[in-house]
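One structure below.
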Amino acid sequence: MFIVDYIKEVYGAVKSLLTGMNRTGYYFTHHKEIITQEYPDNKDTLVLSERFRGEVVMKHDENNEHACTGCTACELACPNATIKIITKFDVTPEGKKKKAIDTFVYHLELCTMCNLCVEACPTGAITMAQTFEHSVTDRSKLIKKLNQPGSKIREGVE
Numbered sequence: 131m132f133i134v135d136y137i138k139e140v141y142g143a144v145k146s147l148l149t150g151m152n153r154t155g156y157y158f159t160h161h162k163e164i165i166t167q168e169y170p171d172n173k174d175t176l177v178l179s180e181r182f183r184g185e186v187v188m189k190h191d192e193n194n195e196h197a198c199t200g201c202t203a204c205e206l207a208c209p210n211a212t213i214k215i216i217t218k219f220d221v222t223p224e225g226k227k228k229k230a231i232d233t234f235v236y237h238l239e240l241c242t243m244c245n246l247c248v249e250a251c252p253t254g255a256i257t258m259a260q261t262f263e264h265s266v267t268d269r270s271k272l273i274k275k276l277n278q279p280g281s282k283i284r285e286g287v288e
């Protein structure tokens with residue numbers, strides 16, 4: 131019984147190998163379809179999938195305003211503590227204290243690109259960008275501050 135099982139296993143392995151070699155040989159002799167892209171030679175014409183997730187970014191408008199209220203929903207949704215939101219209290223013209231974002235810290239080296247933070251954001255303040263070249267020699271460069279200096283919350287966002 132052992133020998134029969136062994137021969138079946140060897141036969142299956144050889145069959146699988148020949149199937150893969152057949153597929154490779156077909157693509158080698160039929161140059162009609164381009165499967166791979168010549169990166170970095172094609173940086174100008176590179177087309178990424180719409181669903182590609184590169185890194186989390188915070189959208190700012192032309193007035194340096196964003197939609198982040200500092201609710202920390204993205205921080206709570208992140209499975210590995212990639213996001214840290216530091217909040218402060220601003221005083222409104224009416225004299226009320228209002229919670230506002232001070233610093234939005236994003237640790238790119240910890241991010242698994244799961245998109246849970248974007249889905250959790252009630253105001254749509256953050257999104258996934260299509261940037262993918264993140265190689266650095268200093269790990270501290272992968273810690274990013276997403277809110278721009280001097281930015282503030284957009285009027286009408288609650």
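Our numbering puts the first residue of the sequence shown at 131, with every later residue one more than the last.
Note that the Cβ used here is the ideal one computed from N, Cα and C, for glycine as well.
Own chain partners of residue i with C-beta closer than 7 Å, once the 5 adjacent residues on each side are dropped
i, result
"R183", "M243, N245 and M258"
"K218", "A230 and D232"
"P252", "C201 and A203"
"K274", "Y236 and L238"
"C247", "V186, C204, A207, C208, I213 and I256"
Those residues which DSSP pairs with residue i across a bridge
i, result
"A259", "E185"
"E192", "Answer is none; E192 lacks a bridge partner."
"I283", "H196"
"K275", "V235"
Three-way DSSP call (helix, strand, coil) for residue i in this model
i, result
"V221", "strand"
"Y141", "helix"
"D174", "coil"
"M151", "helix"
"C306", "Residue 306 lies beyond the residue range present for the chain, which begins at 131 and ends at 288; the question has no answer from this structure."
Rounded straight-line distance, which links the Cα of residue j to that of residue i
i, j, result
"A203", "N210", "14 Å"
"T212", "L276", "12 Å"
"A143", "I137", "10 Å"
Own chain, CB closer than 8 Å to residue i, minus 5 neighbours either side, in chain order
i, result
"Q167", "L176"
Entirely within the segment 200-244 and at least 4 residues each: give me those alpha helix (DSSP H) ranges in chain order. 203-207
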